[in-house]
Structure formats: structure tokens, C-alpha cells
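The structure appears right after this line, and notes come after that.
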Amino acid sequence: MRYTRIECEERNASRLLNTFLDKKVRIKNLKSKDGKLTFCIDDKNLKTVTQVLSAQRMEYRVLKRGGAYLAKKTALRYLSLVICALIAVIGICLGTKVCLGVEIECADGTQRVQIMQILDEFGYKKYSRKTSLDTKALSYAITSEVDDIGFANCYFEGGILKIEVQNVHSDETPESYSRIVASCDGIITRVLVYSGTALVKAGDVVKAGDVLIDGYIDTYPDTEDNERIAVEAAGEVYAECAYSARVTLSEKALERVRTGNSYKNTQIYVFGKPIGKAHVPKYDAYESVSESKTFGSVVPIKAVTTTYYEVEERETTLSQEQIDEQITVYEMQLWQELPPQAKLLNNYTLRKRVDNLHIIDIYYIVEQAICQGV
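As numbered in my numbering, residues 1 to 374 make up the sequence shown, in order.
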């Protein structure tokens, strides 16, 4: 509503209305009630009306302001919000139509420079219209012209031109079948090549890790027309390998011998718990043998009888039988270390005596596969 409503005294109403007519103030909705006049005027005439009422010394009050006044007041109050809203609308319009900048996701500085040069060739400029830049053609140009870039994705996100690139994947790790190496030391006995080139022959001495079969073949070896072709290395290589163990025995040894003294002790257990005090053997050095018997079914009672034999240590000289027995034990232990598929070629034992020591070296010579793919 654009009109302002005023209430004033009713006295001299004719004079008042004539004054308004002279001032060209238009009166609407004039009403008289209880000695009061109420009427509506255009909001722009409010100052003129109040001056007339004051000049005629009439009491008045403004009941309601017009829409123009309220609109102006509201506009001043929310002017900052309106300005921000206008700026936001302008930004949205620019973001949908204009390119505001470019973001390149690329860690390589050289590639970044090349991409910027391509953008210049495409006529890229800040604040230019987005429709002037063909993103598909740009993606193709970056992929084609920049080395090591296998894929480029160009697109607009709002007003920002985004460029995402992925480098060509190059796996520099050698294939697992590219070569076959020795798993242990040995002397080569046989080489069977299924694919690739053998770098060793029978009689060669190799160490663990040496290359036995490499993953390539030469089309014309030792000529200028030779071409080396990568293939899967496959084959079997056998070698003569040695397994050894050293046994050191002292000629003099301490042996525990029973003195002939012994005694027995019986301990009773009920439900697995001993009855009475624990027994402490009376010999400083002893050997013991225990026997147990169980009685009863409702309440199980177990009797454990232990025989204690007093022993003492005596110095003895190893006999040849005792030495041979120790050698046999070590030979069995070394035999367990041989590979399951190994073929025994030879075995021998070297003995020597130094002062009061017997030094025995045990050797097993076997033929075994030493292939290991890398």
C-alpha cells in the first residue's frame, strides 16, 4: 500500500480540507468519528500535511505509513545483503559462461610448461567465454604432444578449467622369469636349456646368485645382424655340491659312574597332590629311577617309589668305539640336511689328532638341481 493514514481533530474540518485542496493534496477515505477525522494521503505528501496541521495547531498522529516508505526503509536495512546477493548472482553467471582460471594437476614442472604452451596455442585467456575452448581437442593435443603423458582429462568445474593428466606406466621391474640363478655354490655337471641362453657349462664353478640361464636369445650371434629377443628363461641346471660337518672330541673326558650306594623313597599322592613333605635327595650327584602304582577307584591314590643311585665323575680316555659312535651320530645329522632329490656321489671322513683333541671332518658330495628363478 502506497498511502499513509492520519488521524487529527475534527474542528475546522472545512478549513483544513480547503487548505489541502490549495496545496494539491489528494484526500482519500475521509471518515469522522468521535470528534476525530481519519483520512489517507499519498506518502509523498506527508510532509506538506503535517506542516498544515501544525500551522492550524491541530493535534494529529500517523496511524500507518505507506508502502513506499516501508520499501525504502527495508531497502536501506538490507542493502548490504542485496549487494552480496547481486555479487553472488553475477559470480554464478560468470562461472557458467566465463573461464575464470585454470588448474593443472601435474607434478612434473616440464610437462606443466608444455601444457601451458598448448593452452596458448588454443587461444586460452582468462575471462574468455568457455564455449571458445574445445576441451576434447585440448585433451587430445596434450596426450599427443607431451611426452610420457598417456591420458589427459580437460573439463570445466564452474568457471575453472581443470586439467588432469596420467603418465604412461612403465614397469622397470624385471619379470620373475627373466633369468635363472644358482641357489648355492657348486661345480656344474649338467645344463638343460628349455628357453633362453645358458651362461654356464659342465665343469664351471659357480657361487650362489650367479646367473645360469638368461632370458634372451640371439638371432645371429657374433654378427652385425644380431638381434637380441627377450624370452622366458627356463631350464634345469645340476651341480656337484658339498655338505660338511666338523666333530671335535677331547681325548680325556669326564664320565659319571655309579659308586654302588643307593636307597629308595616312596611318595604318596592323592588327587595328584603329594602327602607330606617333599623329599630332598641325600646325594650331591645321583641318578634316579621311578616306579608308580595306583590304588583305589573312588579316591585315587598313587605311590611313587624312586631309587637314588650315587654317582661320581671319573676321568676316562675315549676308546675308538666311542669315537666311531660320535661320528655315526654326526653323519646321521648331516644326512638329514641333504636335499630330498639329491644324488649321493661320494662321502668320506677325514680324521686328525691335535694334542689331546680328535678333529673329524665329514663330507657328503651330491649332485642336485641348483636352479632358482628371479
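Ideal placement from N, C-alpha and C gives every residue a C-beta, glycine not left out.
Note that the structure is a prediction, hence the values are computed from the model and not measured.
Exercise. Does DSSP put Tyr124 in a helix, in a strand, or in coil?
Worked result: coil
Exercise. Sorted by chain position, which residues of the same chain lie with C-beta nearer than 6 Å to Pro339's C-beta, five sequence neighbours on each side aside?
Worked result: Gln368
Exercise. Looking only at DSSP bridge pairs, what is Thr248 linked to?
Worked result: Ile359
For this session: Measure the CB-CB distance between Val280 and Val299 and report whether it falls below 9 Å.
Result: no
Exercise. What is the residue span of the alpha helix (DSSP H) that Thr328 lies within?
Worked result: Gln320 to Gln336
For this session: Could you tell me if Phe39 is buried or exposed, where buried requires 16 or more neighbouring beta carbons within 10 angstroms of its beta carbon?
Result: buried
Problem set entry | Spatial distance of Tyr127 from Asp134 (CA atoms) | 15 Å
Exercise. If you follow the alpha helix (DSSP H) that Ile370 is part of, which residue opens it and which one closes it?
Worked result: Taken as a continuous stretch (DSSP letters only), Ile370 belongs to no alpha helix (DSSP H), as it is neither H nor E.
Exercise. What are the boundary residues of the alpha helix (DSSP H) that includes Asn18?
Worked result: Ala13 to Asp22
Exercise. Would Val311 pass as a contact of Arg258 if the rule is Cβ separation under 9 Å?
Worked result: yes
Exercise. Do you know how far the Cα of Ile362 is from the Cα of Glu240?
Worked result: 16 Å
Exercise. Would Gly186 be called buried (16 or more neighbouring beta carbons within 10 Å of its own) or exposed?
Worked result: buried
Exercise. Nearest to Thr391 by alpha carbon, out of Glu251, Leu16 and Tyr283?
Worked result: In the structure as shown, the chain starts at 1 and stops at 374, and residue 391 therefore has no counterpart that could be examined.
For this session: Assign Leu308 to one of two classes, buried (16 or more other C-beta atoms within 10 Å of its C-beta) or exposed (fewer than that).
Result: According to the sequence provided, residue 308 is Tyr. The question's Leu does not apply to it. Flag for Tyr308 reads buried.
For this session: Have a look at Val237, Val98 and Arg314 and flag the residue whose alpha-carbon is nearest the alpha-carbon of Thr197.
Result: Val237
Exercise. How about Phe156 and Cys99: are their beta carbons less than 9 Å apart?
Worked result: yes
For this session: Put Arg112 into one of helix, strand or coil per three-state DSSP.
Result: helix
For this session: Output the boundary residues of the alpha helix (DSSP H) element that contains Ile149.
Result: Per DSSP, Ile149 belongs to no alpha helix (DSSP H); it is in the beta strand (DSSP E), Ile149 to Glu157.
Exercise. Ordered along the chain, which non-local residues of its own chain (more than five positions away) have a Cβ less than 7 Å from that of Pro174?
Worked result: Low local confidence applies: a pLDDT of 47 at Pro174 is under 50, so the model's placement there is unreliable, and no value is given.
Problem set entry | Same chain, Cβ closer than 7 Å to Lys201, five either side skipped, listed in chain order | Ile188 and Val191
For this session: Measuring only between beta-carbons, confirm whether Ile163 sits less than 9 Å from chain D.
Result: The structure shown contains no chain D; it is built from a single protein chain.
Exercise. Rounded to a whole number of angstroms, what is the C-alpha to C-alpha distance between Glu103 and Leu86?
Worked result: 27 Å
Problem set entry | Validate contact between the segment 5–14 and the segment 35–52 using beta carbons, cut 8 Å, 3 pairs | yes
Exercise. Looking at Ala242 and Ile365, is the spacing between their C-beta atoms short of 9 Å?
Worked result: yes
For this session: Quick one: grab the DSSP three-state call for Thr259.
Result: strand
For this session: Kindly list the residues whose CB is nearer than 6 Å to the CB of Ser195, restricted to its own chain and excluding five residues on each side of it in sequence; keep chain order.
Result: Val231, Glu232 and Ala234
For this session: Pick out the complete beta strand (DSSP E) segments inside the segment 167–219, 3 residues or longer, and give them in chain order.
Result: 179–182, 186–195, 211–214 and 216–218
For this session: Please check the pair Leu334 and Ala245, which I expect to be a contact at CB under 8 Å, by giving their CB distance rounded to whole angstroms.
Result: 5 Å
Exercise. Sorted by chain position, which residues of the same chain lie with C-beta nearer than 6 Å to Gln114's C-beta, five sequence neighbours on each side aside?
Worked result: Val146
Problem set entry | Limits of the unbroken alpha helix (DSSP H) element including Lys293 | Looking at the DSSP string, Lys293 is not in any alpha helix (DSSP H); the run it does join, the beta strand (DSSP E), is Tyr286 to Phe295.
For this session: Note the first and the last residue of the continuous beta strand (DSSP E) segment covering Ala55.
Result: Not the beta strand (DSSP E): Ala55 falls in the alpha helix (DSSP H), residues Leu46 to Ala55.
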